[in-house]
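Undergrad: If you're matching them up, the sequences are chains A and B in order. Counting along the first sequence from 1, when you hit position 1 you're at 1 in this note's numbering, and nothing is skipped either side. Counting along the second sequence from 1, when you hit position 284 you're at 284 in this note's numbering, and nothing is skipped either side. In this text, a Cβ means the ideal position worked out from N, Cα and C, and glycines have one as well.
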Amino acid sequence: MSIKLYDIAHSRAGDKGNTLILSLIPYEEKDYELLCNLVTADKVKEHFKEIIHGEIVRYELPNISALQFVCQQALAGGVTTSLVMDTHGKTLSYALLEMEIEK
Amino acid sequence: MKQKDKLRIGCGAGFSGDRLEPAVILAEKGDLDYLVLECLAERTIALAQKRKAADPAQGYDPLLERRIELLLPLLKKNKIRLITNMGAANPVAAADKIIEIAKRQGISIKVAAVTGDDVLEHISGDEIAMETGNPISRSGQIVSANAYLGADAILPALETGADIIITGRVADPSLFVAPLVHEFGWSLDDTNIIAKGTVIGHLMECAGQITGGYFADPIKKPIENMSALGHPFADVYRDGGATISKVDGTGGCITLATAKEQLLYEVTSPHQYMTPDVSADFTTVYLKQDEKDCIKVTGGNGNKKPSMLKVSIGYKAGFTGEGEITYAGANALKRAQLAGEIIQQRLNSQFPALRIDYIGHTSVHHTSLANNYKPYEVRLRVACKAATADEAAIIGEEVEALYTNGPAGGGGVRKYINEVMGIVSILIDRNKTKSSVIVKSYEH
């Protein structure tokens, strides 16, 4: 069955310069392993290929059953001088949750 | 000797433009020992520096006066000490302003301003920007340079016994670590205990972001009474353990999920969350729902603080011009796209880096993710950088001219010109910064 990440997880986006930071947190802690297996850094890189131009590193935080993606060259040059509407990339959390996975 | 075994710290603002009344409710009903207001984003201080250059009595947070007017009587009545970075580019002028308000209200007050974050005079322009790899002078005319100071800079201000401690640029978690160190007598070299304080500060610093505010989603994460969102307070114990909660009856909620989202917010390296005070390991933090709207925080190990401090450099980055116009109904997107093409053709030679967005369709994410969604209305947005305000104005003028020159049905034009302040970062040896405290008081 194909589902969106939105169905089972939530996310918040943060920024540091041109770096985008995305958390991915399952509503049910039992889904943490599923996310670890299916939402790899490569999968996120493919999902965001039109937006994120740099490396993506995934951190696992089993202590709180959450994943963190740190994405380089992701904010069109950075918060302060970029021309984009959402200079912080805050809306990108919901773009991550658009990703479809097979459950 | 220090006596307290538990300290209650509230966070009444998570950014410069935050709501005023959550802090008032915390001061009124929160039974607080300390109130923190975190009001200084990376770029805010560069803008404040500009105001100070125009008027030496300015350069502090624009909402300082309104916040202090509301809070001062409550702080005094309930014996709460306030720590805030609302000093922005001018903590001493901010202290003077607070004294002026206290006189007006007939309240005795002692204010300590922390200075030393402004390191502009030590900057040559040859320093290499972390973001670009080039000398910072190449980014543009430098207008500000502020080092992120730590808890060690705030402690002397607390030791003066001041009711209000007002700083410029300090690391956000340090606003919380400092009172903990001061009251519990923690050692700044005890990395594990400072890491615990830093975790608590990080969870608290964005105020409504941990109380269900920025967390909310009406379908998947519905939150009650958001229009009266409460801001958080932490009960911190001498061993560094803490619970985070909020005033009964306020809106929002504090749950495992809200706390997890905030713990990871803006963290680029969960194993090494770096502040001037410590390098904290967030993978060793544990969260537990204690009761309704109450989260218990434990764990959090630390490593040695960095020898270098981060400095935010503000520089003049020219202007942006923007214009917007809306299309609705049949083929709204097609007409907006035609308008976009027309603008592109007309401005391409003068503004090759023109940005064209279709608001309602793909403006925030230029991706194929939008293909599944079809809009009834679309707003064309055109934006570009320019060296001067006059040049930037051309963008809006061109969009406005779509009124008569078409395509059909365009309406609601808005034009904007903004001066842009850019930010790059460098590192400096922490021994090169020297903080000091200036005390001002008023006896009624």
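1. Output, in chain order, the set of chain B residues within a Cβ distance shorter than 7 Å of residue 32 of chain A.
2. What in chain B is Cβ-close to residue 45 of chain A, meaning under 7 Å?
3. Checking contacts by CB at 9 Å: is residue 352 of chain B closer than that to chain A?
4. Of all the alpha helix (DSSP H) runs that stay within the bounds of the region 18-50 of chain A, which reach a length of 4 or more residues?
5. Name the two residues that bound the continuous beta strand (DSSP E) containing residue 351 of chain B.
6. What residues match up with residue 328 of chain B in a beta bridge as DSSP calls it?
7. Figure out for me which residue from B:94, B:99 and B:52 has the closest Cα to the Cα of residue 73 of chain B.
8. Taking 9 Å as the CB-CB cut-off, is residue 41 of chain A touching chain B?
9. On the criterion of 16 or more Cβ atoms from any shown chain inside 10 Å, does residue 52 of chain B qualify as buried, or is it exposed?
10. Count the other CB atoms within 10 Å of the CB of residue 355 of chain B; is the residue buried (16 or more) or exposed (fewer)?
11. Would you mind working out which of A:59, A:92 and A:50 sits nearest residue 368 of chain B, comparing C-alpha positions?
12. Is there a Cβ from chain A that is less than 9 Å from the Cβ of residue 445 of chain B?
13. Between residue 203 of chain B and residue 193 of chain B, which are expected to be in contact by the criterion C-beta below 8 Å, what is the C-beta distance as a whole number of angstroms?
14. Is there a Cβ from chain A that is less than 9 Å from the Cβ of residue 299 of chain B?
15. Using the C-alpha atoms, what's the distance from residue 324 of chain B back to residue 414 of chain B?
16. Quick one: using the 10 Å Cβ neighbour count with 16 as the cut-off for buried, is residue 142 of chain B buried or exposed?
17. What three-state label does DSSP hand residue 69 of chain A in the structure shown?
18. Count the other CB atoms, across all protein chains shown, that sit within 10 Å of the CB of residue 49 of chain B; report buried if there are 16 or more and exposed otherwise.
19. Tell me the start and end of each unbroken beta strand (DSSP E) in the region 21-53 of chain B that is at least 3 residues and wholly inside, in chain order.
20. Distance cutoff 9 Å, beta carbons only. Does residue 65 of chain A sit that close to anything in chain B?
21. Using Cβ-Cβ distances below 9 Å, what residues of the region 238-271 of chain B are close to chain A?
22. Quick one: residues in its chain with C-beta nearer than 6 Å to the C-beta of residue 104 of chain B, no 5 flanking neighbours on either side, listed in chain order?
23. On a CA-only basis, which of B:82, B:138, B:117 and B:124 is nearest residue 111 of chain B? Give me that one, please.
24. Looking at residue 12 of chain B and residue 207 of chain B, is the spacing between their C-beta atoms short of 9 Å?
25. List, in chain order, every chain B residue whose beta-carbon is nearer than 9 Å to that of residue 61 of chain A.
26. Interface residues of chain B around residue 2 of chain A at Cβ under 7 Å?
27. In angstroms with no decimal places, state the Cα-to-Cα distance between residue 16 of chain B and residue 1 of chain A.
28. Please say whether residue 40 of chain B and residue 61 of chain B have beta carbons closer to each other than 9 Å?
29. Using a Cβ-Cβ distance under 9 Å, would residue 415 of chain B count as near chain A?
30. Do you know how far the Cα of residue 215 of chain B is from the Cα of residue 35 of chain A?
31. List, in chain order, every chain B residue whose beta-carbon is nearer than 8 Å to that of residue 10 of chain A.
32. Would you say residue 11 of chain B faces chain A, with C-beta separation under 9 Å as the test?
33. Under 9 Å between the Cβ atoms of residue 273 of chain B and residue 198 of chain B?
34. Terminal residues of the continuous beta strand (DSSP E) containing residue 164 of chain B?
35. Under the assumption that residue 54 of chain A contacts residue 68 of chain A (Cβ atoms under 8 Å), give the Cβ distance between them as a whole number of angstroms.
36. Give a yes or no on whether 9 Å exceeds the smallest Cβ distance from residue 95 of chain A to chain B.
TA: Quick look at the numbers:
1. Numbered from 1 along the first sequence, position 32 holds the residue referred to as residue 32 of chain A. The premise fails here: residue 32 of chain A is roughly 11 Å from chain B at the closest Cβ pair, so nothing lies under 7 Å.
2. Locating residue 45 of chain A in the first sequence gives position 45, counting from the first residue. Going along chain B, no residue has its Cβ under 7 Å from residue 45 of chain A, so there is no contact; the nearest lies around 13 Å.
3. If you number the second sequence from 1, residue 352 of chain B lands on position 352. Answer no: the Cβ-Cβ gap between residue 352 of chain B and chain A never drops below 9 Å.
4. 32-38 and 41-47
5. Position 351 of the second sequence, counting from 1, holds the residue named residue 351 of chain B. First-last for residue 351 of chain B: undefined, no H or E at that position.
6. Working through the second sequence from its first residue, we reach residue 328 of chain B at position 328. Beta-bridge pairing links residue 328 of chain B to B:377.
7. Translated into the one-based positions of the second sequence, residue 73 of chain B becomes position 73. Here the closest residue by C-alpha is B:99.
8. Stepping through the first sequence from its first residue, residue 41 of chain A is reached at position 41. By this cut-off, residue 41 of chain A is not an interface position.
9. For the purposes of this step, residue 52 of chain B is taken as residue 52 along the second sequence, with counting starting at 1. By the 10 Å Cβ count, residue 52 of chain B comes out buried.
10. Numbered from its first residue, the second sequence carries residue 355 of chain B at position 355. The residue in question, residue 355 of chain B, is buried, as its Cβ has 16 or more Cβ neighbours within 10 Å.
11. Here residue 368 of chain B is taken as the residue at index 368 of the second sequence, counted from 1. Answer by Cα proximity: A:50.
12. Given a span of 1 to 444 for chain B in the structure shown, any question on residue 445 of chain B remains unanswerable.
13. Against the second sequence, residue 203 of chain B aligns to sequence position 203. Against the second sequence, residue 193 of chain B aligns to sequence position 193. Between residue 193 of chain B and residue 203 of chain B the Cβ distance is about 16 Å, and since that is not below 8 Å, they are no contact.
14. Locating residue 299 of chain B in the second sequence gives position 299, where the first residue counts as 1. Answer yes: the Cβ-Cβ gap between residue 299 of chain B and chain A drops below 9 Å somewhere.
15. As a working mapping, residue 414 of chain B is identified with position 414 in the second sequence. As a working mapping, residue 324 of chain B is identified with position 324 in the second sequence. Roughly 5 Å between the two C-alpha positions.
16. As a first step, residue 142 of chain B must be located in the second sequence, where it is residue number 142. Result: buried.
17. Reading the first sequence from its first residue, position 69 is the one you call residue 69 of chain A. If DSSP states are grouped into helix, strand and coil, residue 69 of chain A belongs with the strands.
18. Here residue 49 of chain B is taken as the residue at index 49 of the second sequence, counted from 1. The residue in question, residue 49 of chain B, is buried, as its Cβ has 16 or more Cβ neighbours within 10 Å.
19. 34-37
20. Taking the first residue of the first sequence as 1, we reach residue 65 of chain A at position 65. Yes, residue 65 of chain A lies at the interface with chain B (some Cβ there is under 9 Å from its Cβ).
21. 256, 257, 259, 260, 261, 262, 263, 264, 265, 266, 267, 268, 269, 270 and 271
22. Residue mapping note: residue 104 of chain B aligns to position 104 of the second sequence, counting from 1. Nothing listed; no residue qualifies.
23. Residue numbering aside, residue 111 of chain B sits at position 111 when the second sequence is read from its first letter. Checked all of B:82, B:138, B:117 and B:124; the closest Cα to residue 111 of chain B is B:82.
24. Numbered from 1 along the second sequence, position 207 holds the residue referred to as residue 207 of chain B. Numbered from 1 along the second sequence, position 12 holds the residue referred to as residue 12 of chain B. Taking 9 Å as the Cβ cut-off, residue 207 of chain B and residue 12 of chain B qualify as a contacting pair.
25. Residue 61 of chain A sits at position 61 when you count from the first residue of the first sequence. In chain order: 260, 263, 264, 270, 282, 283 and 285.
26. To locate residue 2 of chain A, count along the first sequence from 1; it is residue 2. Neighbours of residue 2 of chain A on chain B: none; closest Cβ ~13 Å, over 7 Å.
27. Looking up residue 16 of chain B in the second sequence gives position 16. Looking up residue 1 of chain A in the first sequence gives position 1. Between residue 16 of chain B and residue 1 of chain A, the C-alpha separation is close to 45 Å.
28. Taking the second sequence and counting its residues from 1, the one referred to as residue 61 of chain B is at position 61. Taking the second sequence and counting its residues from 1, the one referred to as residue 40 of chain B is at position 40. A contact, by the Cβ cut-off of 9 Å.
29. Taking the first residue of the second sequence as position 1, residue 415 of chain B is located at position 415. By this cut-off, residue 415 of chain B is not an interface position.
30. One-based indexing of the first sequence puts residue 35 of chain A at position 35. One-based indexing of the second sequence puts residue 215 of chain B at position 215. Looking at the two C-alpha atoms, the distance is approximately 20 Å.
31. Counting from 1 along the first sequence, the entry for residue 10 of chain A is found at position 10. What residue 10 of chain A touches in chain B: 215, 217, 220, 221, 257 and 261.
32. The residue you call residue 11 of chain B lines up with position 11 of the second sequence. Not one chain A Cβ lies under 9 Å of residue 11 of chain B.
33. What you label residue 273 of chain B is simply residue 273 of the second sequence in a count that begins at 1. What you label residue 198 of chain B is simply residue 198 of the second sequence in a count that begins at 1. Yes, these two residues count as a Cβ contact at 9 Å.
34. The residue labelled residue 164 of chain B in the question sits at position 164 within the second sequence. Here the beta strand (DSSP E) through residue 164 of chain B covers 164-166.
35. For the purposes of this step, residue 54 of chain A is taken as residue 54 along the first sequence, with counting starting at 1. For the purposes of this step, residue 68 of chain A is taken as residue 68 along the first sequence, with counting starting at 1. Going by Cβ atoms, the distance from residue 54 of chain A to residue 68 of chain A rounds to 16 Å, so no, they are not a contact pair.
36. Position 95 of the first sequence holds residue 95 of chain A. Yes, residue 95 of chain A lies at the interface with chain B (some Cβ there is under 9 Å from its Cβ).
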